[in-house]
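A.B. asks:
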Amino acid sequence: MSLQQNPILVTGATGKQGGATARRLLADDIAVRVLVRDPQASSARALADAGAELVTGDFDTPATLDAAVAGARGVFLVPPAAFGPNGWQADLEATRGIAVIDAAKRAGVEQIVFTGVASITDDAAWGQAGKKSIEDAAAASGLRYTLLRPVRFMENYIMRGSPVDGIVDGVHRHLFPADQPLQMIAIDDIAAFAALAFADPDRFHGRILELAGDAITPIAALAAITRATGYPLRYHEVTEAEADALGEQIGNTWRLVRKSAGWHADIPALREIYPALNTLESWLTTTGAAEIEAQQNGDRRAAAH
């Protein structure tokens, strides 16, 4: 690992985006410090084994953040999701993110890269309000900043435990219209854009990047996954009644998706910045198909017993 520069602090490193970003920076020979609540957790130990410095702290304990950012040259910021029984907890999410930005300012950190969520409309039902407050704080901080706004993850096809998304019993259930192109992004590509921003802070200062790598209808996506895995899979477009039965927030999101123009990332422009940007097909070829196939194999074995 390079010892010629101060580290980049990666928050959320035991999660998807933070973990991918930490691994990408380490692979690029960049010194990485990761904020963890439990340094003995297996995910934290794996990062330490890969060369990351662990620092114990918590978004909800601001005093720990000052030690975490001390001596860092940049921060990858992804606060934990704040979603409660009554929907998005925007104030809590904003408080967490702004606390890190304030600590970074006090410590003389040079750069913030914040990853939030792609924009559809200004409707708070999509969960943008808290993230927008963090974006505003980053822009007003006086630090170099880059705002990443990823769309839906390709990895969501492997999600479990959600009333929508993932593939269960050969069916992918979701809110999106079956015949309209749906933008999506591989998580590793979010990490790639974060690494580019840290490598060239001046070039990416002040930029807002809506991130997607492909736009394909849910029906076509399931057909591609079927070809790649050999499993006959199909898409089920959740009805409005079904969405409402799953909860007010899901029903509101169902309606929001249909009254908006959807996500609007400029994929060709993004590919000019990062030519290796994944399509769904390339993601399936490299990692996705194997993971989905293993999951479906496990489901069949469980059903046989």
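Take 302 as the starting number for the sequence shown in the working numbering and just add one per residue.
C-beta: ideal position from N, C-alpha, C; glycine also.
Since we're looking at a predicted model, the values are computed, not measured.
(1) For the putative contact between V376 and A349, defined by C-beta atoms under 8 Å, what is the C-beta separation to the nearest angstrom?
(2) So, A492 versus R325, is the Cβ gap smaller than 8 Å?
(3) For E592, which residues from the same chain have a beta carbon less than 7 Å from its beta carbon, with the 5 sequence-adjacent residues on both sides left out?
(4) Suppose contacts are defined by Cβ-Cβ distances below 8 Å. Is V370 in contact with L310 by that definition?
(5) Hey, quick one: how far does the alpha helix (DSSP H) through F499 stretch, first residue to last?
(6) Can you grab the Cα-Cα spacing for the pair L578 / M485, in whole Å?
(7) For R397, count neighbouring Cβ atoms within 10 angstroms of its own Cβ and tell me buried if that reaches 16, exposed if not.
(8) Give me, in chain order, the residues of the same chain whose beta-carbon lies closer than 6 Å to that of A425; leave out the 5 immediate sequence neighbours on both sides.
(9) Along the beta strand (DSSP E) that carries E354, what are the first and last residues, could you check?
(10) Which residues mark the beginning and the end of the alpha helix (DSSP H) in which P569 is found?
(11) For chain C, is any of its Cβ atoms less than 8 Å away from the one on T362?
(12) How would you write the range of the alpha helix (DSSP H) that E541 sits in, first residue to last?
(13) Can you give me the C-alpha to C-alpha distance between G548 and V558, rounded to a whole angstrom?
(14) Specify, as a first and last residue, the run of the beta strand (DSSP E) that E592 falls within.
(15) Can you tell me the Cα-Cα spacing of A524 and Y532, whole angstroms?
(16) Classify P569 as buried or exposed, calling it buried when 16 or more other Cβ atoms lie within 10 Å of its own Cβ.
(17) Near G552, what residues of its chain come up, given a Cβ to Cβ distance below 6 Å and the 5 sequence neighbours on each side ignored?
(18) Using CA atoms only, rank isn't needed, just tell me which of R453, I421, M455 and I399 is closest to E436.
(19) Using 8 Å for Cβ pairs, my map puts D489 next to A321. What's the rounded Cβ distance?
(20) Just to confirm, are Y536 and I520 a CB contact at a threshold of 8 Å?
(21) Please report the residue range of the alpha helix (DSSP H) in which L476 lies.
(22) What beta strand (DSSP E) runs, 3 residues minimum, are completely inside the segment 359-424?
C.D. replies: In terms of the structure at hand:
(1) By 1-based counting over the sequence shown, the position of residue 376 is 75. By 1-based counting over the sequence shown, the position of residue 349 is 48. That pair is no contact at about 19 Å.
(2) Reading the sequence shown from its first residue, position 191 is the one you call residue 492. Reading the sequence shown from its first residue, position 24 is the one you call residue 325. Yes, the pair counts as a contact, with Cβ atoms nearer than the cut-off.
(3) For the purposes of this step, residue 592 is taken as the residue at position 291 of the sequence shown. Excluding positions up to five away in sequence, the list reads I459.
(4) To locate residue 370, count along the sequence shown from 1; it is residue 69. To locate residue 310, count along the sequence shown from 1; it is residue 9. A Cβ-Cβ contact shorter than 8 Å links V370 with L310.
(5) On the sequence shown, position 198 is the one that residue 499 refers to. If you look at F499, you'll find it in the alpha helix (DSSP H) that goes I488 to A500.
(6) As a working mapping, residue 578 is identified with position 277 in the sequence shown. As a working mapping, residue 485 is identified with position 184 in the sequence shown. Rounded to whole angstroms, L578 to M485 spans 11 Å at the Cα level.
(7) Here residue 397 refers to the residue found at position 96 of the sequence shown. Classification of R397: buried, given that the 10 Å Cβ count is 16 or more.
(8) As a first step, residue 425 must be located in the sequence shown, where it is residue number 124. Any reading at A425 needs caution, since the residue's pLDDT is 48, under 50, leaving its predicted position unreliable; the model's value is listed next. Result list for A425: empty, nothing under 6 Å.
(9) Working through the sequence shown from its first residue, we reach residue 354 at position 53. Note, E354: beta strand (DSSP E), E354 to T357.
(10) As a first step, residue 569 is located in the sequence shown; it is residue number 268 there, counting from the start. Its alpha helix (DSSP H) spans residues I568 to I574.
(11) Note that chain C does not occur in the displayed structure, where there is just one protein chain.
(12) As a first step, residue 541 must be located in the sequence shown, where it is residue number 240. Note, E541: alpha helix (DSSP H), E541 to A546.
(13) Your numbering for residue 548 matches position 247 in the sequence shown. Your numbering for residue 558 matches position 257 in the sequence shown. Using only the alpha carbons, I get a separation of about 16 Å.
(14) Here residue 592 is taken as the residue at index 291 of the sequence shown, counted from 1. Where E592 is concerned, there is no enclosing beta strand (DSSP E), although the alpha helix (DSSP H) it sits in stretches over A590 to A605.
(15) Translated into positions along the sequence shown, residue 524 becomes position 223. Translated into positions along the sequence shown, residue 532 becomes position 231. Spanning the two alpha carbons is a distance of roughly 10 Å.
(16) What you label residue 569 is simply residue 268 of the sequence shown in a count that begins at 1. So P569 ends up on the exposed side.
(17) One-based indexing of the sequence shown puts residue 552 at position 251. Hits under 6 Å: A544 and D545.
(18) Your numbering for residue 436 matches position 135 in the sequence shown. Of the listed residues, the one whose Cα sits closest to E436 is I399.
(19) As a first step, residue 489 must be located in the sequence shown, where it is residue number 188. As a first step, residue 321 must be located in the sequence shown, where it is residue number 20. Between D489 and A321 the beta-carbon gap is near 5 Å, inside 8 Å, which marks them as a contact.
(20) Counted from its first residue, the sequence shown places residue 536 at position 235. Counted from its first residue, the sequence shown places residue 520 at position 219. Yes; because the gap between Cβ atoms is below 8 Å, this pair is in contact.
(21) Stepping through the sequence shown from its first residue, residue 476 is reached at position 175. L476 -> no alpha helix (DSSP H), and no H or E assigned at all.
(22) Here the runs fully enclosed are 375-378 and 412-416.
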